[in-house]
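J.:
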Amino acid sequence: MAAGRLTISVLFTFFVIYSVIPGSHFFSWHPTLMTLGYGFFMYQAILMFSSWALFPDLTKPKRVTFHWVLQLLALTCIAAGVSVAFYNKVALGKQHFVSWHAKLGLVTNVCAFSAALGGIVAKYSNKIRFAPPLTLKTGHATVGCIVYSLAVVTMLLGLNTEYFNGVANKTYGTPLWKTVMSAPLILLGSTILQVVQSYSSRYRKR
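Numbering (full-length UniProt numbering), first residue to last: 1 to 206.
1) Starting from lysine 103, follow the alpha helix (DSSP H) in both directions and report where the run begins and ends.
2) Under the three-state reduction of DSSP, which class applies to leucine 54: helix, strand or coil?
3) Candidates His101, Ser125, Ile192: which alpha carbon is nearest isoleucine 146's?
4) What is the DSSP secondary structure of serine 182, reduced to helix, strand or coil?
5) Per the contact definition of three or more C-beta pairs closer than 8 Å, is the segment 21–28 in contact with the segment 56–72?
6) Would you kindly work out how many angstroms separate the C-alpha atoms of serine 200 and isoleucine 17, rounded to a whole number?
7) Contact between the segment 180–198 and the segment 46–60 is defined here as three or more beta-carbon pairs at a separation below 8 Å; is this criterion met?
8) Where does the unbroken alpha helix (DSSP H) through methionine 155 begin, and where does it stop?
9) Take the Cβ of lysine 60 as the centre, count every other Cβ of all protein chains shown within 10 Å, and call the residue buried at 16 or more, exposed below.
10) Do you know whose CA, among Ile8, Val20, Gly23, lies nearest phenylalanine 41's CA?
11) Using the C-alpha atoms, what's the distance from alanine 183 back to phenylalanine 12?
12) Can you have a look at glycine 39 and say buried or exposed, based on whether 16 or more other CB atoms are within 10 angstroms of its CB?
13) Can you round the beta-carbon distance between threonine 77 and leucine 117 to whole angstroms, since I take them to be within the 8 Å contact cut?
14) Counting C-beta neighbours from all protein chains within 10 Å, is the total for phenylalanine 15 16 or more, i.e. buried, or is it exposed?
15) Distance, Cα to Cα, valine 196 vs lysine 127?
16) Relative to the C-alpha of threonine 138, which residue among Ser198, Phe86, Pro22 is closest?
17) Among residues of its own chain, excluding the 5 on either side of asparagine 109, which ones have a beta-carbon nearer than 7 Å to its beta-carbon?
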């Protein structure tokens, strides 16, 4: 199961990167970095707490460490990807946040960094008195699901832009890359399932 989800994540990331050819032009780094951030690093970070994780036999403290390291890598890629898009707009003299992809992307990125701050609170929940640790951790996981849902919709909108239509059709042809568009939905479904299973079992044990 873990290998299957890893394969989907890797293939989707490879598909996008191979389509845009990083370095072929400045903007190519935007989809490259954003896909690495959301499609690979963040997805793997979320799965660290499930039986589908890359290393399912790790102790809980080590899973937490891997989770925040992967999230840090994800947020670094995301910040760099946003910077590329911003400077590209400036260089071309175009308006910012005009398309639905850009607008929803802005909301998603703000929520992602906010969720990361919530993760810090959840990590040290045993030292925080205003709410039970399980409540804080459940809240963080729920917000994480919402963020990843937004990310998937944003990625799908990005795959349907004129820019990506052009590079993907040129590289693969329409039938193949349209099929690959189902990958983000599979990633989202497994993410939600993992969070629901994990925290429902914790509440049943209370």
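The beta carbon of each residue, even a glycine, is placed where N, CA and C say it ideally should be.
T.: This is what the structure gives:
1) In the sequence shown, residue 103 corresponds to position 103, counting from 1. Segment 100–123, the alpha helix (DSSP H) holding lysine 103.
2) Numbered from its first residue, the sequence shown carries residue 54 at position 54. Looking at leucine 54 - three-state DSSP - the assignment turns out to be coil, as it is neither helix nor strand.
3) Residue 146 sits at position 146 when you count from the first residue of the sequence shown. Comparing Cα positions, the closest option is Ile192.
4) Translated into positions along the sequence shown, residue 182 becomes position 182. Residue state, collapsed to three classes: coil.
5) no
6) Residue 200 sits at position 200 when you count from the first residue of the sequence shown. Residue 17 sits at position 17 when you count from the first residue of the sequence shown. C-alpha separation (whole angstroms): 37 Å.
7) yes
8) On the sequence shown, position 155 is the one that residue 155 refers to. Unbroken alpha helix (DSSP H) run through methionine 155: 133–159.
9) Position 60 of the sequence shown, counting from 1, holds the residue named residue 60. By the 10 Å Cβ count, lysine 60 comes out exposed.
10) In the sequence shown, residue 41 corresponds to position 41, counting from 1. Of the listed residues, the one whose Cα sits closest to phenylalanine 41 is Ile8.
11) Reading the sequence shown from its first residue, position 12 is the one you call residue 12. Reading the sequence shown from its first residue, position 183 is the one you call residue 183. Distance between the alpha carbons of phenylalanine 12 and alanine 183 is about 6 Å.
12) One-based indexing of the sequence shown puts residue 39 at position 39. Label assigned to glycine 39: buried.
13) To locate residue 77, count along the sequence shown from 1; it is residue 77. To locate residue 117, count along the sequence shown from 1; it is residue 117. It is worth fixing the name first, because residue 77 is cysteine in this sequence and not threonine. Not really, about 18 Å apart at Cβ, beyond 8 Å.
14) Position 15 of the sequence shown, counted from the start, is the residue given in the question as residue 15. By the neighbour-count rule (16 or more Cβ atoms within 10 Å), phenylalanine 15 is buried.
15) Sequence index remark: in the sequence shown, residue 196 carries index 196 (1-based). Sequence index remark: in the sequence shown, residue 127 carries index 127 (1-based). In a straight line, the C-alpha of valine 196 is about 25 Å away from that of lysine 127.
16) Looking up residue 138 in the sequence shown gives position 138. The candidate whose alpha carbon is nearest that of threonine 138 is Ser198.
17) Here residue 109 is taken as the residue at index 109 of the sequence shown, counted from 1. Same-chain partners within the cutoff: Ile78, Val82.
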